[in-house]
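Heads up, this note's numbering is the position in the sequence shown plus 7, with the first residue counted as 1.
By construction, the Cβ of each residue, glycine as well, lies at the ideal position given by its N, Cα and C atoms.
Step one of this worksheet: look at the structure below.
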Amino acid sequence: EADGPRAGLAELRALDEGLPRYFAVEAHLRERAGESQRAADLYARAAERAGSLAERDHLNRQAARVRSGQGHLP
Numbered sequence: 008e009a010d011g012p013r014a015g016l017a018e019l020r021a022l023d024e025g026l027p028r029y030f031a032v033e034a035h036l037r038e039r040a041g042e043s044q045r046a047a048d049l050y051a052r053a054a055e056r057a058g059s060l061a062e063r064d065h066l067n068r069q070a071a072r073v074r075s076g077q078g079h080l081p
């Protein structure tokens with residue numbers, strides 16, 4: 008992430024949204040870019056597509072954390 012989250016988002020657009028962790032990656036980058044509400048929505052969307060219960064729970068916790076305004080990423 009040498010060029011920042013916006014550069015990562017630009018690169019991500021070239022990939023298929025059907026990739027297993029696409030929305031989790033987008034959520035992380037949007038959170039890094041300061042787009043908290045969009046990030047929370049994307050974490051929740053990623054949770055719906057999670058491949059395991061543990062992954063789903065983690066992504067739902069991420070969504071809740073971002074919505075609560077706690078634990079911002081640098």
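Distance, residue j Cα to residue i Cα
i, j, result
"Ala57", "Leu66", "8 Å"
"Arg45", "Leu60", "23 Å"
"Glu18", "Ala9", "13 Å"
"Ala51", "Leu16", "18 Å"
"Gly25", "Asp64", "20 Å"
"Glu62", "Ala14", "26 Å"
"Ala53", "Val32", "9 Å"
"Pro12", "Arg72", "19 Å"
"Ala21", "Ser75", "31 Å"
"Phe30", "Gly41", "16 Å"
"Ser43", "Arg68", "14 Å"
"His35", "Asp23", "17 Å"
Range covered by the alpha helix (DSSP H) that runs through residue i
i, result
"Glu62", "60-75"
"Leu19", "12-19"
"Arg52", "43-55"
Cβ-Cβ distance between residue i and residue j below 8 Å
i, j, result
"Arg37", "Leu49", "yes"
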